[in-house]
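Under the working numbering, the first residue of the sequence shown is numbered 3, with each subsequent residue one higher.
For each residue, glycine too, the CB sits at the ideal point set by N, CA and C.
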Amino acid sequence: MYGRGDPWGGPLEINPADSATDDDRSHDQFDKAASRFSSKSLNETQQSWLLGPGEQKKKRYVDLGCVIVSRKIFIWTVGSILAAAFVVGIIMVIVKNVPHRHKPLPPPDNYTIALHKALMFFHAQKSGKLPRHNNVSWRGNSCLNDGKSDKSGAVLKDLVGGYYDAGDAIKFHFPKAFAMTMLSWSVIEYSAKYEAAGELNHVKEIIKWGTDYFLKTFNSTADSISQLVAQVGKGDTSGGPGDPNDHTCWMRPEDIDYERPVTICSGCSDLAAEMAAALASASIVFKDNKVYSKKLVHGAETLWKFSRDHRGSYSSGNADAATFYNSSMYWDEFVWGGAWMYYATGNQSYLYLASHPTLAKHAGAFWGGPDYGVLSWDNKLTGGQVLLTRLRLFLSPGYPYENILKTFHNQTSIIMCSYLPYFTSFNRTRGGLIQLNHGRPQPLQYVVNAAFLATLYSDYLDAADTPGWYCGPNFYSTDINYILGKNPRRMSYVVGYGNHYPKHVHHRGASIPKNKIKYNCKGGYKWRDSKKPNPNTIIGAMVAGPDKHDGFHDVRTNYNFTEPTIAGNAGLVAALVALSGDRTTKIDKNTIFSAVPPMFPTPPPPPAPWKP
């Protein structure tokens, strides 16, 4: 009998004659197959037939709590992480220790460079005992007896400190207060830009030097006062050479030996309201110094009460004030000062007054005039309108303020556009300088204030994402570029900026050398009348500026061209910081509202669910 072929390669044949048992035959076949197995390799299919599936090794797992993973995968993962961390650490150590060149920071823009210099001017104007870090080598302690020998009857005998107004040594408090308010406003809005320029602490120190002095000019610890110091020094030259004072004499402030009278006022609403604005705005700048900020607020409240209770103009009956810094009215100071008092205290009585239509009417908000829209040490209305427009843009207080704030908003938009060349509100020189003072001398102080307001208002609209009178992207920087040298004379009107700037600045301290020689009242005339450049460079001083024909005479004796003032430089600083740096850096929307409570009361909680 024959079966089918042997799958191992041989025949399977059963021999009936074989006497062996079936069991013996099966063992014999198995041995033959085993021997063939050892001599011939098997393919995979044959192995599977013979051996079947092999026994698998048991896997181990790691329980991580939220998931169970293979122990092998876990070890590989942890090892990879540790190895990567080690490699990163090695790279960091190498990068840190191997010398390499840093990529230089981009150079500062022209406005930032000019800002550094413009702030230095205030150090040249400091009166009293100077700090060690004043950084003006030709200045020293001066007028350390201010107030002590006064015969005016003023009860305040320590009036040392503060700033001299211009090229003389008089301390006019009206324009000085405006200067401090402008500096504080610029810090409140653009603190990030000051910080980026490395000037934030510097400008705050400049402001504090001014506000510390103002607190000496009245009884700042009292709740009410009856008098206020308006001025230290004298500029009236009608007494002739026999009456030595700050205008008849040409002396370094350090050498002054003549008597410096103190002028007080008992009815000076304009001055008191402006000084209140200065202290109130500074209290926001120094809000992190709670003790000092509170002191400033209290002083501002005292001055404000005095301004409202004792009506009158500070320049009435004051010959110097009427001649050099005459005040046209005090209603605009009530709008301006009231807005600052509201921001500093959050007391809505100040807002109610500052935004009252009758007060706005008295301040000239509705009748215009040749100087409408021109911010200056005398006219604060435009500044007040911008401040209150800010309130509407960001807080929208609603009734009962909405109507007047909307009016201020519209007027502000029109004023900003009136600064443009294709509007006819103001003439321009052939070189492009706007004539905000209608061709009168000393134009630059008005130009820088307008540049600051226009830039600030543009930033307000951007920050509030509010459509408005948008008159173009570059309307605010043109006149500043003129001041910095882009003019027909190619002259920078900021001393020390650029290569071509005034060398004969009308300034006593800058024009007389510091050579250990004391020049008396008339002894300094030779330096006043000298044709040589000033021996001391008064860095950062913005001079009065050109005439209406772009003409400029670099002559020391002509103050209408070459005299700087702290009010003018404060506006310059404000405009420069607003334009400086990255234009994508926005204003600080919230700091000015630090003391302002929510405009609307917190809504009551919802009623409990109704139950049947």
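Proximity below 8 Å, CB of residue i to CB of residue j
i: Phe-563; j: Ala-466; result: no
i: Leu-438; j: Ile-485; result: no
i: Ala-302; j: Met-253; result: no
i: Gly-370; j: Tyr-352; result: no
i: Lys-363; j: Val-287; result: no
i: Lys-128; j: Ile-541; result: no
i: Gly-583; j: Ala-198; result: yes
i: Gly-149; j: Lys-159; result: yes
i: Gly-163; j: Gly-130; result: yes
i: Tyr-332; j: Ser-415; result: no
i: Ile-208; j: Leu-132; result: no
i: Gly-433; j: Asn-489; result: yes
i: Asp-590; j: Ala-194; result: yes
i: Tyr-521; j: Asp-257; result: yes
i: Thr-468; j: Ala-580; result: no
i: Met-418; j: Tyr-459; result: yes
Residue from the options whose Cα sits closest to the Cα of residue i
i: Thr-360; options: Met-343, Asp-380, Ala-87, Val-337; result: Val-337
i: His-358; options: Asp-373, Glu-404, Leu-377; result: Glu-404
i: Cys-145; options: Met-184, Ile-227, Ser-226, Pro-255; result: Pro-255
i: Asn-1; options: Phe-602, Val-575, Pro-611, Thr-593; result: The first residue shown for the chain is 3 and the last is 614, placing residue 1 beyond what the model contains.
i: Arg-491; options: Gly-169, Pro-566, Pro-548; result: Pro-548
i: Tyr-166; options: His-204, Lys-195, Arg-262; result: Arg-262
i: Glu-2; options: Ile-258, Ala-321, Leu-305, Pro-110; result: The requested residue 2 is not part of the displayed model; the chain covers only 3 to 614.
i: Phe-123; options: Thr-593, Ser-513, Gly-498, Ile-589; result: Gly-498
i: Thr-183; options: Ala-284, Asp-170, Thr-114; result: Ala-284
i: Ser-295; options: Leu-217, Val-234, Gln-350; result: Leu-217
i: Ser-226; options: Ala-453, Phe-308, Glu-197; result: Phe-308
i: Lys-236; options: Ala-171, Ile-209, Asn-429; result: Ala-171
i: His-509; options: Pro-566, Phe-288, Trp-333; result: Pro-566
i: Asn-536; options: Val-545, Pro-515, Met-544; result: Pro-515
i: Pro-399; options: Ile-416, Gly-348, Asn-429, Ser-378; result: Gly-348
i: Lys-382; options: Asp-334, Tyr-345, Phe-368; result: Asp-334
i: Tyr-561; options: Ser-479, Gly-570, Ala-546; result: Ala-546
i: Thr-480; options: Asn-517, Tyr-495, Pro-423, Gly-375; result: Pro-423
i: Ser-329; options: His-300, Ala-365, Ala-453; result: Ala-365
i: Ile-594; options: Cys-523, Leu-455, Leu-393, Gly-570; result: Leu-393
i: Pro-420; options: Ala-452, Pro-402, Thr-391; result: Position check: residue 420 holds Ser in this sequence, whereas Pro was assumed. Checking every option, the nearest Cα to that of Ser-420 belongs to Ala-452.
i: Gly-500; options: Lys-524, Asn-517, Met-544; result: Met-544
i: Val-496; options: Ile-417, Asn-571, Gln-229; result: Asn-571
i: Asn-429; options: Lys-550, Ser-228, Ile-93, Asn-291; result: Lys-550
i: Lys-292; options: Pro-110, Ala-346, Val-90; result: Ala-346
i: Val-234; options: Lys-588, Pro-110, Ser-151, Ser-72; result: Ser-151
i: Arg-585; options: Gly-242, Thr-114, Ile-93; result: Thr-114
i: His-300; options: Ala-279, Lys-178, Ile-77; result: Ala-279
i: Pro-402; options: Asp-380, Gln-350, Gln-413; result: Gln-350
CB-CB length for residue i against residue j, believed under 8 Å
i: Leu-435; j: Val-449; result: 7 Å
i: Tyr-327; j: Phe-174; result: 5 Å
i: Ala-116; j: Leu-578; result: 5 Å
i: Thr-426; j: Asp-552; result: With a Cβ gap of about 20 Å, Thr-426 and Asp-552 do not count as contacting.
i: Arg-134; j: Gly-511; result: Rounded, the Cβ-Cβ distance is 19 Å, inconsistent with contact.
i: Thr-239; j: Leu-281; result: Not a contact, Cβ separation roughly 33 Å.
i: Leu-273; j: Tyr-316; result: 4 Å
i: Asn-147; j: Ala-232; result: About 19 Å separates the two Cβ atoms, so there is no contact after all.
i: Ala-323; j: Phe-176; result: 7 Å
i: Ala-181; j: Ile-568; result: 5 Å
i: Leu-377; j: Leu-455; result: 6 Å
i: His-615; j: Asn-137; result: The question about residue 615 has no answer here: the residues shown for the chain are numbered 3 through 614.
Cutoff 8 Å: residue i Cβ touching any chain D Cβ
i: Ala-543; result: Among the chains of the structure shown, chain D does not appear; only one protein chain is present.
Legend entry - Start-end ranges of the alpha helix (DSSP H) lying completely within the segment 407 to 467, minimum 4 residues: 446 to 466
Legend entry - the segment 239 to 247 in contact with the segment 188 to 202 per 3-pair CB rule at 8 Å: no
Legend entry - Any alpha helix (DSSP H) of 4 or more consecutive residues that is wholly inside the segment 343 to 419: 350 to 356, 359 to 364, 383 to 396
Inset, instruction - Flag this pair as touching only if the segment 383 to 394 and the segment 403 to 411 have three or more C-beta atom pairs under 8 Å; answer yes or no. - result: yes
Inset, instruction - Decide if the segment 264 to 279 is in contact with the segment 309 to 316; the criterion is three or more beta carbon pairs, one per stretch, under 8 Å apart. - result: yes
Legend entry - Segment contact flag, the segment 595 to 608 with the segment 208 to 227, C-beta cutoff 8 Å, min 3 pairs: no
Inset, instruction - Can you check the segment 522 to 606 for any alpha helix (DSSP H) of at least 4 residues that lies completely inside it and give the ranges in chain order? - result: DSSP runs (the alpha helix (DSSP H)) wholly in the segment 522 to 606: 527 to 530, 561 to 564, 568 to 581.
Inset, instruction - Evaluate contact between the segment 502 to 514 and the segment 550 to 565, counting only Cβ atoms and requiring at least three cross-stretch pairs below 8 Å. - result: yes
Legend entry - Three or more C-beta pairs below 8 Å linking the segment 528 to 536 and the segment 593 to 601: Counting Cβ pairs under 8 Å, fewer than three are found: no touch.
Inset, instruction - Mind listing, in chain order, the continuous beta strand (DSSP E) runs of no fewer than 3 residues lying wholly within the segment 244 to 270? - result: 264 to 267
Inset, instruction - Scan the segment 315 to 345 and note each continuous alpha helix (DSSP H) run of 4 residues or more that stays entirely inside, going in chain order. - result: 321 to 326
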